[in-house]
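**Student:** Numbering (the working numbering), first residue to last: 862 to 1317.
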Ligand SMILES: Cc1cc2nc3c(=O)[nH]c(=O)nc-3n(C[C@H](O)[C@H](O)[C@H](O)COP(=O)(O)OP(=O)(O)OC[C@H]3O[C@@H](n4cnc5c(N)ncnc54)[C@H](O)[C@@H]3O)c2cc1C
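1. Since residue 1177 and residue 1157 should fall inside the 8 Å C-beta cutoff, what is the C-beta to C-beta distance between them, to a whole number of angstroms?
2. Go ahead and pull the three-state DSSP assignment for residue 1092.
3. With DSSP run on the structure shown, which of helix, strand or coil describes residue 1061?
4. Apply the 10 Å Cβ neighbour rule to residue 1018 and answer buried if 16 or more other Cβ atoms are within range, or exposed otherwise.
5. Express the C-alpha separation of residue 916 and residue 1026 in angstroms, rounding to a whole number.
6. Just verifying my parser: in three-state terms, what is the DSSP assignment at residue 1165?
7. Does the beta-carbon of residue 1214, which I'm using as the reference point, lie nearer than 7 Å to any heavy atom of ligand 1?
8. Would you call the stretch 1009-1018 and the stretch 876-885 in contact, with 3 or more CB pairs under 8 Å?
9. Please classify residue 956: does DSSP put it in a helix, a strand, or coil?
10. How big is the Cα-Cα spacing for residue 908 and residue 874?
11. Compute every distance between the C-beta of residue 901 and the non-hydrogen atoms of ligand 3, then say whether any falls below 7 Å.
12. Compare the C-alpha of residue 1062 against each of 1238, 1162, 922 and 1037 and name the closest.
13. With a cut-off of 8 Å, do at least 3 Cβ pairs link the stretch 889-902 to the stretch 1030-1047?
14. What is the rounded straight-line gap between the Cα of residue 1115 and the Cα of residue 879?
15. Need the endpoints of the beta strand (DSSP E) that residue 880 sits in, please.
16. With a floor of 3 residues, list each beta strand (DSSP E) that falls wholly inside the stretch 889-956, ordered by position along the chain.
17. Do residue 1304 and ligand 1 come close, with the Cβ less than 7 Å from some heavy atom?
18. Please report the residue range of the beta strand (DSSP E) in which residue 1034 lies.
19. Pick out whichever of 1168, 1058, 905 and 911 has its Cα sitting closest to the Cα of residue 1119.
20. Does DSSP put residue 1301 in a helix, a strand or coil?
21. I want to check one thing, is the minimum distance from the CB of residue 1283 to the heavy atoms of ligand 1 below 7 Å?
22. Quick one: residues in its chain with C-beta nearer than 8 Å to the C-beta of residue 1313, no 5 flanking neighbours on either side, listed in chain order?
23. Thinking just about the alpha-carbon of each residue, which of 1050, 1131 and 1142 is nearest to the one in residue 998?
24. Verify the contact flag: residue 907, CB atom, against every heavy atom of ligand 1, threshold strictly below 7 Å.
25. Might you give, ordered along the chain, the residues of its own chain that have their beta carbon closer than 6 Å to the beta carbon of residue 914, omitting 5 neighbours on each side?
26. Could you round the C-beta distance between residue 1133 and residue 920 to whole angstroms and report it? I think they count as a contact, below 8 Å.
27. Can you tell me the Cα-Cα spacing of residue 1315 and residue 1067, whole angstroms?
28. For residue 986, verify whether its CB is less than 7 Å away from any heavy atom of ligand 1.
29. Could you please give the first and the last residue of the uninterrupted alpha helix (DSSP H) stretch that includes residue 1082?
30. Going straight from the alpha carbon of residue 891 to that of residue 1207, what length do you get?
31. Could you give the residue range of the alpha helix (DSSP H) that holds residue 1312?
32. In the structure shown, what three-state DSSP assignment does residue 1250 receive?
33. Whole angstroms is fine: what's the gap from residue 1149's alpha carbon to residue 1002's?
34. For residue 1213, report the span of its alpha helix (DSSP H) as first-last.
35. Could you spell out where the alpha helix (DSSP H) holding residue 1191 opens and where it closes?
36. Give me whichever residues DSSP pairs with residue 1258 in a beta bridge.
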């Protein structure tokens, strides 16, 4: 039987995972990427943000070392060295993704891809145009920062998330607009570098989608670090005074926050323009995301959309998994469990200090639904390793079914939360019970012991 020809447009986590997996499953795969394989995730989002946060964390650890019996510890940030470090991490990751794709026989084309018919994809390359016939088309072109009509991003004083890893200079005082995950990570990052930060939060809680107790722990830490919070204030304008080198963010309640820089972190918009979706009969929703079913098929069943373009959960981890699922579905692997993605079971993390991570059912959502749950919570201040590490902030919370003991969700605030949540994520995905966690023979002393204590 002739093999299936996949043409994938966009080589971020969704596109490159789909490409390697489909090739492993026997497909003939062509990947069109206009910039670099690895995508925005490597260039502007996950990797540079976490690299900068790691440097800020190292500065914090040096300060914390004073409480661990060390004296005369100090450090200074060199922005050029940090920029080189981010570049070298990106190069290494890009090299490893490109090698993996090559080793699986994926053909890579550098160019801009678009559909010119239901089964035809054109790549506009430096050498000219090339047209490819496809049995399966995967659109994984990602998203870009949303810039509101009231702001002009100049990349110098008024920054989007893409101008800030690292910024051209460290702001003396940055006004961060946007209280979601990206916004709080920027607040944390800039304040860990010693910048003054004002945070414009349109609701009454930072991280409005998260457990209020988790958000409160973060707010408390921001206030302790001197971050100025403007709660319940929606930004409506930004004035730039070029001579005075200041920006002023004006809010709908009359308040104004002045600083040296403003940073906008208010969501993203899909990269669906110019993809020839009309020509192929692919339907978009009113916000420009491709309408997909639970198999990620668009209104044209052989055209799939993955990653941020699918309008589902905008996480790199989700994008990668969607890419894998598409490869399996298009190659006819329908049977068996775990074929469809359950977005409610995706773990996510916020790389602040303290770190925040959660998965599955949140306590507040269970109460809103009137669902019976058991919630158990243990603070890290009772954990030996947290005390040894001189960082006993935060807690572990586990949500379970009181009748069966099955783990439904959990949240962690504290050091290494992003790693520790994996245990609860595995329990949620595999339908394990709290006793399965309690009876695991864990390492001592370890932060993970707090998970067993919370599951007790
Ligand atoms: C500041 C920030 C930090 C983040 N941190 C995290 C994190 O820590 N963890 C996490 O899980 N998620 C994180 N995310 C989200 C994550 O970056 C995205 O969900 C992820 O990048 C989506 O992957 P994707 O494959 O859909 O798209 P992308 O990574 O955006 O890749 C899309 C690719 O398509 C290419 N492309 C676009 N149009 C065309 C075309 N016409 N032809 C050819 N190529 C094209 C682009 O050049 C790009 O390489 C973060 C997001 C932001 C904004």
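Every residue, glycine too, gets a C-beta built ideally from N, C-alpha and C.
**Tutor:** The answer reads as follows:
1. Position 316 of the chain shown holds residue 1177. Position 296 of the chain shown holds residue 1157. Contact flag wrong, Cβ pair sits at about 16 Å.
2. Position 231 of the chain shown, counted from the start, is the residue given in the question as residue 1092. Note: residue 1092 maps to strand in three-state DSSP.
3. On the chain shown, residue 1061 is found 200 positions in, with the first residue counted as 1. The DSSP-derived three-state label of residue 1061 is strand.
4. Stepping through the chain shown from its first residue, residue 1018 is reached at position 157. When all chains shown are included, residue 1018 counts as buried.
5. By 1-based counting over the chain shown, the position of residue 1026 is 165. By 1-based counting over the chain shown, the position of residue 916 is 55. For residue 1026 and residue 916, the distance between alpha carbons rounds to 12 Å.
6. Position 304 of the chain shown holds residue 1165. Reduced to three states, the DSSP call for residue 1165 is strand.
7. Counting from one through the chain shown, the residue named residue 1214 turns up at place 353. Because no heavy atom of ligand 1 lies under 7 Å away, the Cβ of residue 1214 does not count as near it: no.
8. Inter-segment contact for the stretch 1009-1018 and the stretch 876-885 is absent: fewer than three beta-carbon pairs are separated by less than 8 Å.
9. Locating residue 956 in the chain shown gives position 95, where the first residue counts as 1. If DSSP states are grouped into helix, strand and coil, residue 956 belongs with the helices.
10. As a position in the chain shown, residue 908 is number 47, starting the count at 1. As a position in the chain shown, residue 874 is number 13, starting the count at 1. Roughly 12 Å separates the two Cα atoms.
11. Annotation note on ligand 3: not contained in the displayed structure, which lists ligand 1 as its ligands.
12. On the chain shown, residue 1062 is found 201 positions in, with the first residue counted as 1. Nearest of 1238, 1162, 922 and 1037 to residue 1062, Cα basis: 1037.
13. Result no; under three Cβ-Cβ pairs closer than 8 Å.
14. Here the question's residue 1115 lines up with position 254 in the chain shown. Here the question's residue 879 lines up with position 18 in the chain shown. Between the alpha carbons of residue 1115 and residue 879 lies a gap of roughly 49 Å.
15. Taking the first residue of the chain shown as position 1, residue 880 is located at position 19. Per DSSP, residue 880 lies in no beta strand (DSSP E) segment; the continuous alpha helix (DSSP H) that holds it begins and ends at 874-885.
16. 889-894, all fully within the stretch 889-956.
17. Numbered from its first residue, the chain shown carries residue 1304 at position 443. Remark: the shortest separation between the CB of residue 1304 and any heavy atom of ligand 1 does not fall under 7 Å.
18. The residue given as residue 1034 occupies position 173 in the chain shown. Boundaries of the beta strand (DSSP E) around residue 1034: 1034-1038.
19. Taking the first residue of the chain shown as 1, we reach residue 1119 at position 258. Measuring from the Cα of residue 1119, the nearest candidate turns out to be 1058.
20. The sequence position of residue 1301 within the chain shown is 440, counting from 1. Correct three-state label for residue 1301: coil.
21. Taking the first residue of the chain shown as position 1, residue 1283 is located at position 422. Result no, Cβ not under 7 Å from ligand 1.
22. For this step, residue 1313 is matched to residue 452 along the chain shown. Around residue 1313, the same chain offers 1298, 1299, 1301 and 1303 as residues with beta carbons nearer than 8 Å, after the five sequence neighbours per side are excluded.
23. Here residue 998 corresponds to residue number 137 of the chain shown, with the count starting at 1. Answer by Cα proximity: 1142.
24. Taking the first residue of the chain shown as 1, we reach residue 907 at position 46. Answer for residue 907: yes, Cβ within range of ligand 1.
25. As a first step, residue 914 is located in the chain shown; it is residue number 53 there, counting from the start. Only residues of its own chain outside the window of five on either side were considered, and among them 1050 and 1212 have a CB closer than 6 Å to the CB of residue 914, listed in chain order.
26. Within the chain shown, the letter at position 272 stands for residue 1133. Within the chain shown, the letter at position 59 stands for residue 920. About 40 Å separates the two Cβ atoms, so there is no contact after all.
27. The count along the chain shown starts at 1 and reaches residue 1315 at position 454. The count along the chain shown starts at 1 and reaches residue 1067 at position 206. If I take the Cα positions, the gap works out to 25 Å.
28. Here residue 986 refers to the residue found at position 125 of the chain shown. In this structure, ligand 1 has no non-hydrogen atom nearer than 7 Å to the beta-carbon of residue 986.
29. Within the chain shown, the letter at position 221 stands for residue 1082. Note, residue 1082: alpha helix (DSSP H), 1073-1085.
30. Position 30 of the chain shown, counting from 1, holds the residue named residue 891. Position 346 of the chain shown, counting from 1, holds the residue named residue 1207. Straight-line Cα distance between these residues: approximately 29 Å.
31. Indexing the chain shown from 1 puts residue 1312 at position 451. It spans 1310-1316 - the alpha helix (DSSP H) in which residue 1312 sits, taken as one unbroken run.
32. For this step, residue 1250 is matched to residue 389 along the chain shown. Under the three-state reduction of DSSP, residue 1250 is assigned to coil, being neither helix nor strand.
33. Here residue 1149 is taken as the residue at index 288 of the chain shown, counted from 1. Here residue 1002 is taken as the residue at index 141 of the chain shown, counted from 1. So the two alpha carbons sit approximately 12 Å from each other.
34. As a first step, residue 1213 must be located in the chain shown, where it is residue number 352. Careful: residue 1213 lies outside any alpha helix (DSSP H) and carries neither H nor E.
35. Here residue 1191 refers to the residue found at position 330 of the chain shown. For residue 1191, the uninterrupted alpha helix (DSSP H) run begins and ends at 1177-1191, by DSSP.
36. One-based indexing of the chain shown puts residue 1258 at position 397. DSSP, once it has assigned bridges, lists 1238 and 1272 as partnering residue 1258.
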